[in-house]
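>
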Amino acid sequence: MKHCLHYISRCYLCILACVAFTQTVSAQTENDALMIPKNYFCAAGVYTHNSWDKYWEGTFKRENLNLGTISSNVYAVGGNYGLSNKINLLFMIPFVQSNASAGTLRGQRGVQDINLAVKWMVVRQEVGTGLLSFHAIATGSIPVGNYQADFLPLAIGMRSRSIGLRGLFNYQVGRFFVAGSGQYVRKDNITIDRDSYYTTQMHYTNQVAMPNATNFLASAGYRSLKFNAEATFTKVNTIGGFDITKNNMPFPSNNMDATLAGAIFKYSFQSVAGLEFTAGGNYVLKGRNVGQNTSFFGGVYYVFSVKKDKSEK
Amino acid sequence: MKKIIHYILPAVLLTVLLFNSSCKKTIEERNQQFPALAPANIDLNADTWTPILTAGTTFTVATPDAVTTPNYLADLNEIKSYQRNLTGAQKDIIKYWSAGSVLRWNEILRELVAKHNLPPYQNADNTYPFPNAANPLAYPLFPFSNPPYAARAYAYVSAAQYDALVAAWKFKKQFNRAAPYKNDAAVQALIPKSDLPSYPSEDAVVAGVTAKMMELLFPGDLDYIQQKVAEEKLYRIMAGANTRSDMDAGENLGKQVAAVFLARARADGAGKAAGAKEDWDKLEADTKAAGNTPWISLELPKRPPMLPMFTKVNPFLFNTATVVSLRPPAPYATSSPEFKKEADEVLAMSQNHSREHERIVAFWADGVGTVTPPGHWNSIAAEEFVKHSYSEVRWARNFALLNMAEMDAAIVCWDAKYYYFNPRPTQMVLTIKTLTGIPNFPSYTSGHSNFSGAAATVLGYLVPEKASAFMDMAHEAAMSRLYGAIHYRSDCEVGLQTGIKVGQFAIARGKADGASN
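Protein sequences appear in the order of chains Z and Y. Taking my numbering, the leading residue of the first sequence gets 1, the next gets one more, and so forth. Taking my numbering, the leading residue of the second sequence gets 314, the next gets one more, and so forth.
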């Protein structure tokens, strides 16, 4: 039972900061080494606030008085189900509202994409004084809402179906851990409302080829049953894509890169089994064709067994 | 444990399979699908069609070498040597250009318009720099191909292409030298054969005239232009359709015709269209004096109005007195109940979240970084014309009618905009939020509506069976500006009607130019 609770307390579903012009969200859970046991379910509700008033046009950092501060509120619900002790299934659906504080452009709102992940703990064994684990994580996103991707920087998402593979190492000694992971994301073409567009040349189609992306994450922190604190360092890199030319509008297939620093905190109530609060944030240190976003999030998780008897074994 | 592996292995395989196959990465663009041009009618009488500017101009083309001379035989040998070893890249060049010279040069022009359709970034002191034609590669790059600039560029290029081809047809008939594949059975025709005499080459005439016009219109992109010219010349030779002497003579003739159009363009008033601070201030003062609310720039920092003196540009289809006579009646006074009613409607549109409205607004937005509304109609026309297998000279004539109407619509529309200097809805009602960028010039009447009304009218004349379809598109384009909450309804409706009137002038010209439809 103690072993089980140890895992339960790790149920974890929070939102990675928006890194791009788009208010993209992704489940932090898929990024960490924490699993919930077989037949447990973690339900999550997370709120994220993103905002930026400076952005990079290619490598040129600027502000835009006609946009002021671009902000978004993201309300996400999700879940994590323990198919087995080694395989977790996760999903999340965000509702996003965007806003520009200046100028005349109207903000967008709507349901974004459903994010799915399968997390598999491939290896978990003692190495030296600590515990080493390796996870393979497959992710996918499918647009749910019929929103406009081609309305950056106020679009609520990219409307691209994507599929990603991530490898994650975690090493824990006592209550301290370090982790590192790398992900490759393949993105589908998207359809926009225009019938032609210019990138670095004209395209006579409503289809846009989306560049693939990589994502690297390093983190370290403290984990106990009651309290977690973690510092994260993330590098998001779009492979290909093009730079926004001077004073031009952003476009979904821009070469969007970002380096982010962040922190995640979590507190588990000992009085109400399975209830957790989480909070954290991210800040873009350096970017290319993205906003210099600051994000804060707060969420509630509740973990419960869906087959009580068996989970007690 | 074994059981788990049972599940895991297929899952891993499935994931890898999905990963490789799930995401579409290829796109077939519409302009890559165009077939090789095989004119239904070669329009052999096009030498009698009325040119735009050059009816009284004499051009010279040297008498070609006879097909038995060593020079001509050398030309044929060049073709045969290319055809022996065509590379994949060379075959691609043939496939690209075979769709048609006028078609491809309009595409190239649209691409340059989109590339250059970017308002300059402000200076540190919150003023704005202006592009300088004398130094096109310094920031801000010359030109800023906004809709009036673009409309004028499309018009000059198409009108010049048309006159150059009419002149070419005269020489073709005069010299009557057949295509290389007709003079030598060993020369393959890699594109559809034609009975049109090949000297001077129509493709080279179009390339020559267009490249020369570009020296004025897009002076910072001449490397790209010359690369395209070289590619097209090579294409005709490799395809067995022209000899090098056909190409050289054609290019030279094109340049002569361009000189006439360049002289007109350099004196048509466009160079002074930006105006100066005293002009901008006067517009504001005059509007106030008339008791109306003057337009103010909604950009931060405030940007000078876009090309307020464009109204003085010399139109193609009528004179400047007609520009004034086409000016619509005054918009609703900003203090009137009708104005309030229209502003309320814009606010309601701003708050309407219908996805269909968003789609229409985005489809017709044609804003920063695009081919502009005249370019969008140019593209619509091109995709229609492809279906009709016109001869090159008819392609040019039809584009000239369309694009001259678009330029003149720009002049007439800009005249109304700066005569009335009417504020945008967002200037008057601060709670209005727009679904697209707000253009930096007065509201009345809508440029999109003028352009679309004129274009649909001309296209409806050229392709009568689609007239109502084109007018429906124009109506949608006009209304997109109301849906986008950047124009009042009357801006769109009156603009559409004015555009239609401008289009009628192009039809009148088309009916009288000898080409008939």
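Positions of the beta carbon are idealized from the N, C-alpha and C atoms, including for glycine.
Using a Cβ-Cβ cut-off of less than 8 angstroms, list which residues of the region 412 to 442 of chain Y approach chain Z; keep chain order.
Glu420, Arg423, Glu424, Ala427, Lys428, Leu431, Pro432, Pro433 and Tyr434
> Check the Cβ-Cβ distances between isoleucine 163 of chain Z and every residue of chain Y, and say whether any is below 9 angstroms.
yes
> Just by C-beta distance, which residues in the region 658 to 682 of chain Y are closer than 7 angstroms to chain Z?
Ser663, Arg668, Glu671, Arg672, Ala675, Phe676, Val681 and Gly682
> Does the region 718 to 725 of chain Y come close enough to the region 810 to 823 of chain Y that 3 or more CB-CB pairs lie under 8 angstroms?
yes
> Within the same chain, show all residues whose beta-carbon is closer than 7 angstroms to that of isoleucine 745 of chain Y, passing over the 5 residues directly before and after it, in chain order.
Excluding sequence positions up to five before and after isoleucine 745 of chain Y, its CB lies within less than 7 angstroms of the CB of Val659, Leu660, Ser663, Pro738, Thr739 and Ala798, all in the same chain and listed in chain order.
> Going by Cα to Cα distance, which pick from Z/Ala44, Z/Ala209 and Z/His203 is closest to asparagine 189 of chain Z?
Z/Ala209
> So the beta strand (DSSP E) methionine 92 of chain Z belongs to, where does it begin and stop?
87 to 100
> Is histidine 701 of chain Y helix, strand or coil by DSSP?
Note: histidine 701 of chain Y maps to helix in three-state DSSP.
> For alanine 258 of chain Z, which residues from the same chain have a beta carbon less than 6 angstroms from its beta carbon, with the 5 sequence-adjacent residues on both sides left out?
Taken in chain order, the residues that qualify are Val19, Val236, Val284, Gly287 and Val290.
> What residues match up with methionine 139 of chain Z in a beta bridge as DSSP calls it?
The amino acid at residue 139 of chain Z is misidentified as methionine; the sequence shows threonine. According to DSSP, which records beta bridges pairwise, threonine 139 of chain Z is partnered with Z/Ala117 and Z/Gly164.
> Output needed for lysine 486 of chain Y: all residues of its chain with C-beta closer than 8 angstroms, excluding positions within five of it in sequence on either side, in chain order.
Leu357, Asp360 and Pro510
> Applying the criterion that 16 or more other CB atoms from any shown protein chain within 10 Å of the CB defines a buried residue, is isoleucine 326 of chain Y buried or exposed?
Isoleucine is not the amino acid found at residue 326 of chain Y; the sequence shown has leucine there. Within a 10 Å sphere around the beta-carbon of leucine 326 of chain Y sit fewer than 16 other beta-carbons, which makes this residue exposed.
> Could you name the residues of the same chain whose beta carbon sits closer than 7 angstroms to that of aspartate 145 of chain Z, not counting the 5 residues immediately before and after it, in chain order?
For the sequence presented, residue 145 of chain Z should be read as glycine rather than aspartate. Closer than 7 angstroms at Cβ, skipping near neighbours: Gly110, Val111 and Gln112.
> Is it buried or exposed for arginine 159 of chain Z, if we count other Cβ within 10 angstroms and need 16 for buried?
buried
> Any idea if arginine 465 of chain Y is buried or exposed, counting beta-carbon neighbours within 10 angstroms, 16 or more meaning buried?
buried
> How long is the line joining the alpha carbons of tyrosine 75 of chain Z and alanine 117 of chain Z, rounded to whole angstroms?
19 angstroms
> For the beta strand (DSSP E) that contains valine 303 of chain Z, what are its first and last residues?
According to the DSSP assignment, valine 303 of chain Z belongs to the beta strand (DSSP E) that extends over 294 to 305.
> Could you tell me which residues DSSP puts in a beta bridge with tyrosine 198 of chain Z?
Z/Met202
> Using a threshold of 9 angstroms, state whether the C-beta atoms of glutamine 108 of chain Z and alanine 155 of chain Z are closer than that.
yes
> Can a CB atom of chain Y be found closer than 9 angstroms to the CB of lysine 307 of chain Z?
So, not an interface residue.
> Whose C-beta lies closer than 6 angstroms to the C-beta of leucine 422 of chain Y among residues of the same chain, with five residues either side of it excluded?
Close CB contacts of leucine 422 of chain Y within its chain, under the 6 angstroms cut and outside five residues either way in sequence, are with Val470 (chain order).
> On the premise that tyrosine 796 of chain Y lies in contact with proline 352 of chain Y, defined as a C-beta separation below 8 angstroms, what is that separation, rounded to the nearest angstrom?
Between tyrosine 796 of chain Y and proline 352 of chain Y the Cβ distance is about 41 angstroms, and since that is not below 8 angstroms, they are no contact.
> Beta-carbon separation of aspartate 534 of chain Y and leucine 431 of chain Y under 9 angstroms?
no
> Just the Cα atoms here: how many angstroms apart are isoleucine 504 of chain Y and aspartate 594 of chain Y?
Using only the alpha carbons, I get a separation of about 58 angstroms.
> If you measure beta-carbon to beta-carbon, which residues of the region 329 to 355 of chain Y are closer than 7 angstroms to chain Z?
Leu331, Phe332, Ser335, Cys336, Lys337, Lys338, Ile340, Glu342, Arg343 and Asn344
> Below 9 angstroms between beta carbons is the criterion; list the residues of the region 147 to 161 of chain Z that meet it against any residue of chain Y, in chain order.
Tyr147, Gln148, Asp150, Phe151, Ser160 and Arg161
> Run through chain Z and tell me which residues come within less than 8 angstroms of proline 755 of chain Y, C-beta to C-beta.
Here the premise fails: no neighbours, minimum Cβ distance about 15 angstroms.
> Let me see if you follow: with CB-CB separation under 9 angstroms, is arginine 62 of chain Z close to chain Y or not?
yes
> So with Cβ pairs under 9 angstroms, would you call lysine 310 of chain Z a contact of chain Y?
Interpretation of lysine 310 of chain Z is limited by its pLDDT of 45, a score under 50 that renders its predicted location unreliable; the figure taken from the coordinates is listed afterwards. By this cut-off, lysine 310 of chain Z is not an interface position.
> Using a C-beta cutoff of 9 angstroms, does histidine 135 of chain Z count as contacting chain Y?
no
> Since glycine 812 of chain Y is in the alpha helix (DSSP H), which residue starts that stretch and which ends it?
802 to 825
> Since glutamate 591 of chain Y is in the alpha helix (DSSP H), which residue starts that stretch and which ends it?
590 to 602
> State buried or exposed for phenylalanine 734 of chain Y, treating a residue as buried only when at least 16 other CB atoms are found within 10 Å of its CB.
buried
> Any beta carbon from chain Z within less than 9 angstroms of alanine 798 of chain Y's own beta carbon?
yes
> Distance cutoff 9 angstroms, beta carbons only. Does glutamate 544 of chain Y sit that close to anything in chain Z?
no
> Got a sec, what are the start and stop residues for the alpha helix (DSSP H) arginine 579 of chain Y sits in?
557 to 579
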